[in-house]
Amino acid sequence: MDAFLQGAADALTLSAILSVIGGILLGYMVGVLPGLSRPAALSVAVPLTYSMSPIGAIAFLVGVTKASAAGGATGAILLNTPGEPSSAATTFDGYPLAKKGEATRALKVALYASVFGDLVSTVVLILLAASLARFALKMGPVEMTAVMIFALSFIAALSGSSLSRGIISGILGLFLATVGLDPESATPRMTFGFIELFDGIPLIAATVGMLAFTEMLVQAQALFSRSDAASDAANFAPETDKHLRIADIGRLIPVTLRATGIGIAAGIIPGLGPTIGAFLSYAINKRLAGPGDSYG
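Under this note's numbering, read the sequence shown as residues 39 to 334, first letter to last.
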């Protein structure tokens with residue numbers, strides 16, 4: 039308790055609060071840009087912390103990390119291009135809502151849900167961090183292998199209507215993860231002589247290539263195509279309603295609570311992380327949706 043009170047006192051100082059605000063502004067701006075995810079935001083932010091105090095630097099980097107994750111939903115909703123992989127699931131409903139003229143409402147929901155989930159998960163981390171650390175130190179190779187296999191079993195929940203395609207995608211992901219230096223022998227694996235691949239496939243290059251560049255081609259086809267379907271795909275309806283009503287909030291509360299719980303569990307289990315947590319949350323909420331709700 040003494041450590042918690044001391045940490046709270048340090049975090050509530052004026053310099054720490056200003057550092058968090060500055061980190062949030064920088065992180066959100068970087069997160070909005072397609073392909074520039076949290077690692078890119080942190081690489082930009084770290085040199086700025088050299089002249090800060092230790093507490094101010096940590097507060098600044100925490101703000102960058104949190105805001106860049108929230109900013110990734112902006113590109114997913116407005117451009118159909120997520121700022122980072124964990125925001126890819128937002129494109130399924132966020133971009134269609136933007137085309138229907140409800141972009142502002144979608145952005146508000148994404149922001150509020152992100153703030154709520156982040157706040158709750160941070161409280162859970164504060165309460166369980168010490169216990170989880172003691173438990174993690176007792177895990178050996180056998181336990182870690184079992185946890186990884188358990189994490190891979192989530193492919194079944196994320197495969198949609200085709201389990202075979204989900205398994206093929208999972209195997210392809212494992213294959214791509216082997217690119218780089220072997221962690222024990224430092225032997226290059228499938229690097230083809232490129233030093234840039236020694237650390238694995240660059241996340242930013244892969245994200246831009248798979249998400250941003252493909253969407254650019256789709257938008258270009260819709261812009262220059264003469265077909266009516268392509269023209270409709272490129273048009274956005276004017277915004278008519280920018281406010282969230284009480285009924286909307288009532289429908290969002292159980293979804294947000296479920297998503298928060300799933301995200302916390304995905305963050306605790308090794309091998310999952312925010313991307314799988316986001317897709318798993320989307321899949322579960324889609325299955326639990328009522329007959330009047332439309333997903334995707």
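From the three backbone atoms N, C-alpha and C, an ideal C-beta is built for every residue, glycine too.
{"query": "Proximity below 8 Å, CB of Gly-301 to CB of Gly-315", "result": "yes"}
{"query": "First and last residue of the uninterrupted alpha helix (DSSP H) at Asn-323", "result": "311 to 326"}
{"query": "Neighbour-count burial assignment, Ser-335, 16 or more Cβ in a 10 Å radius", "result": "The structure shown does not extend to residue 335, since the chain is modelled only from 39 to 334, so the question has no answer here."}
{"query": "Assigned exposure category for Ala-243 - 16 Cβ within 10 Å defines buried", "result": "exposed"}
{"query": "Reduced DSSP secondary structure (H/G/I, E/B, other) of Pro-77", "result": "helix"}
{"query": "Beta bridge counterpart(s) of Leu-219 as assigned by DSSP", "result": "Pro-226"}
{"query": "Residue from Ala-184, Leu-64, Leu-219 whose Cα sits closest to the Cα of Pro-77", "result": "Leu-64"}
{"query": "Environment of Glu-122 [buried if 16+ CB atoms lie within 10 Å]", "result": "buried"}
{"query": "8 Å Cβ shell around Phe-154 - same chain, five flanking residues per side excluded", "result": "Thr-294, Thr-298"}
{"query": "Residue range of the alpha helix (DSSP H) that includes Ala-127", "result": "Unbroken run through Ala-127: none, as it is neither H nor E."}
{"query": "Element boundaries [alpha helix (DSSP H), containing Phe-154]", "result": "141 to 175"}
{"query": "Within 8 Å, strictly: CB atoms of Ala-46 and Gly-61", "result": "no"}
{"query": "Residue environment, Leu-117, which counts as buried when at least 16 other CB atoms sit within 10 Å", "result": "buried"}
{"query": "Where Thr-51 sits in the DSSP three-state scheme", "result": "coil"}
{"query": "Local conformation of Thr-298 per DSSP, three classes", "result": "helix"}
{"query": "Any 3 or more C-beta pairs closer than 8 Å across the region 138 to 145 and the region 161 to 174", "result": "no"}
{"query": "Nearest to Ile-59 (by Cα), restricted to the options Lys-104, Tyr-88, Gln-44, Ser-81", "result": "Lys-104"}
{"query": "Coarse secondary structure for Asp-286, derived from DSSP in three states", "result": "helix"}
{"query": "Supposed contact pair Ile-93 and Ala-54 - C-beta distance, whole angstroms, cut 8 Å", "result": "6 Å"}
{"query": "Closest Cα partner of Phe-230 within the set Gly-247, Leu-190, Val-217", "result": "Val-217"}
{"query": "7 Å Cβ shell around Ala-108 - same chain, five flanking residues per side excluded", "result": "Tyr-66, Gly-69, Leu-149, Ser-152"}
{"query": "Bounding residues of the alpha helix (DSSP H) (the contiguous stretch that carries Ile-115)", "result": "92 to 116"}
{"query": "Residue interval of the alpha helix (DSSP H) (run including Met-248)", "result": "It is not in any alpha helix (DSSP H) - Met-248 carries neither H nor E in the DSSP assignment."}
{"query": "DSSP three-state assignment for Asp-237, whether helix, strand or coil", "result": "coil"}
{"query": "Assigned exposure category for Gly-11 - 16 Cβ within 10 Å defines buried", "result": "The question about residue 11 has no answer, for the chain in this structure spans 39 to 334."}
{"query": "Collapsed DSSP secondary structure at Phe-213 in the structure displayed", "result": "helix"}
{"query": "Close-in-space but distant-in-sequence residues of the same chain around Ile-239 (CB under 7 Å, 5 per side omitted)", "result": "Leu-214, Val-217"}
{"query": "DSSP three-state assignment for Gly-132, whether helix, strand or coil", "result": "helix"}
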